[in-house]
Amino acid sequence: MSGFGEDRAVREDFREILRLVRPGTRVLDVGCGEGELLELLSREKSVDGRGVELEAQNVSACLARGLAVVQGDADRDLDHFPTKAFDYAVLSQTLQATRNPRHVLSELLRIADQAIVSFPNFGHWRVRWSLLTRGRMPETRALPEPWWSTPNIHLCSLADFAALTDDLDLRVDHAAALVRGQAARPIDPGRGIENWRAENALFLLSRRGAEPEPTGEQRDLFGA
Numbered sequence: 004m005s006g007f008g009e010d011r012a013v014r015e016d017f018r019e020i021l022r023l024v025r026p027g028t029r030v031l032d033v034g035c036g037e038g039e040l041l042e043l044l045s046r047e048k049s050v051d052g053r054g055v056e057l058e059a060q061n062v063s064a065c066l067a068r069g070l071a072v073v074q075g076d077a078d079r080d081l082d083h084f085p086t087k088a089f090d091y092a093v094l095s096q097t098l099q100a101t102r103n104p105r106h107v108l109s110e111l112l113r114i115a116d117q118a119i120v121s122f123p124n125f126g127h128w129r130v131r132w133s134l135l136t137r138g139r140m141p142e143t144r145a146l147p148e149p150w151w152s153t154p155n156i157h158l159c160s161l162a163d164f165a166a167l168t169d170d171l172d173l174r175v176d177h178a179a180a181l182v183r184g185q186a187a188r189p190i191d192p193g194r195g196i197e198n199w200r201a202e203n204a205l206f207l208l209s210r211r212g213a214e215p216e217p218t219g220e221q222r223d224l225f226g227a
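Sequential numbering from 4 applies to the sequence shown in our numbering.
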């Protein structure tokens, strides 16, 4: 029996990704770090997982876990992956660190049927309050690094990201707000209040016109 439900150290976005991904599918984790999510998906959902990671020491950590991970840059190297090679492409807390987020997001949905993207919401009320009261780049729970050392170069709000999905003609199959210490909360990203309330956001995306796939939880409910 899995102890996942008792592991409070697992990131909230990882929990939501695990809920969404269907068992036995092909998953590419872009910016996979030390492989925690890939390992979790392999253990809990028996996925055929692959990873791309920029930092050499993180790639070594992934290989030590027995994960199939290569060193690569999301901005450049996604172009070399074949079309529709995966069921899911995951970009967890990495989009804001890319040089060309629009291109990266477009490539994710060329490589995979669906993309799962999570990111810190620069429209969250704590960020707005920090800018209003201090007049400086905010440091919050979701954005803990000072401006001069942060890897984030393209921060965006939930509303900004939703506008980008419209511009790329993508369909939002699921969206959730994430606040530290709480379970993911399903949201309508078109509601302005969510841009204030979500500390982090997570989107499940696909191309318009494609038949939407059931989530992992929906598959479980119907016994598929």
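The beta-carbon is built from N, C-alpha and C at its ideal position, and this holds for glycine as well. Note that this is a predicted model, so its numbers are computed, not measured.
- Beta-bridge annotation (DSSP): Glu56 is paired with Gln74.
- Contact between Gly138 and Trp199 does not hold, since the beta-carbon distance rounds to 20 Å and is not under 8 Å.
- For Cys159 and Ala178, the gap between their C-alpha atoms comes out near 16 Å.
- Measuring C-alpha to C-alpha distances from Arg25 to each of Leu44, Asp32, Glu15 identifies Leu44 as the nearest.
- With contacts defined as CB atoms closer than 8 Å, Arg174 and Leu208 qualify as a contacting pair.
- Under the DSSP assignment, Asn198 falls in the alpha helix (DSSP H) whose first and last residues are 195 to 200.
- Rounded to whole angstroms, the gap between the alpha carbons of Arg131 and Gly69 is 42 Å.
- For Ser133, the uninterrupted alpha helix (DSSP H) run begins and ends at 128 to 137, by DSSP.
- For Ile114, the uninterrupted alpha helix (DSSP H) segment begins and ends at 104 to 114.
- Under DSSP, Pro189 shares a beta bridge with Ala179.
- For Ser95, the uninterrupted beta strand (DSSP E) segment begins and ends at 89 to 95.
- At a Cβ-Cβ threshold of 8 Å, Ala115 and Tyr91 count as neighbours.
- In this structure, Gly52 keeps its C-beta atom at 8 Å or more from the C-beta atom of Leu66.
- Beta-carbon to beta-carbon, Ala186 and Asn124 are separated by about 17 Å, too far to satisfy the 8 Å threshold.
- Only residues of its own chain outside the window of five on either side were considered, and among them Leu161, Ala165, Val175, Ala178 have a CB closer than 7 Å to the CB of Pro192, listed in chain order.
- Only residues of its own chain outside the window of five on either side were considered, and among them Ala179, Ala187, Leu205 have a CB closer than 6 Å to the CB of Glu19, listed in chain order.
- Assigned with DSSP and collapsed to three states, Val120 falls in strand.
- The residues Gly34, in chain order, have a CB closer than 6 Å to that of Thr97 in the same chain once the five nearest residues on each side in sequence are set aside.
- Between the alpha carbons of Leu108 and Gly27 lies a gap of roughly 24 Å.
- Distance from the CA atom of Ala118 to the CA atom of Leu111, rounded to whole angstroms, is 6 Å.
- In the DSSP assignment, Ser209 falls within the unbroken beta strand (DSSP E) covering 203 to 210.
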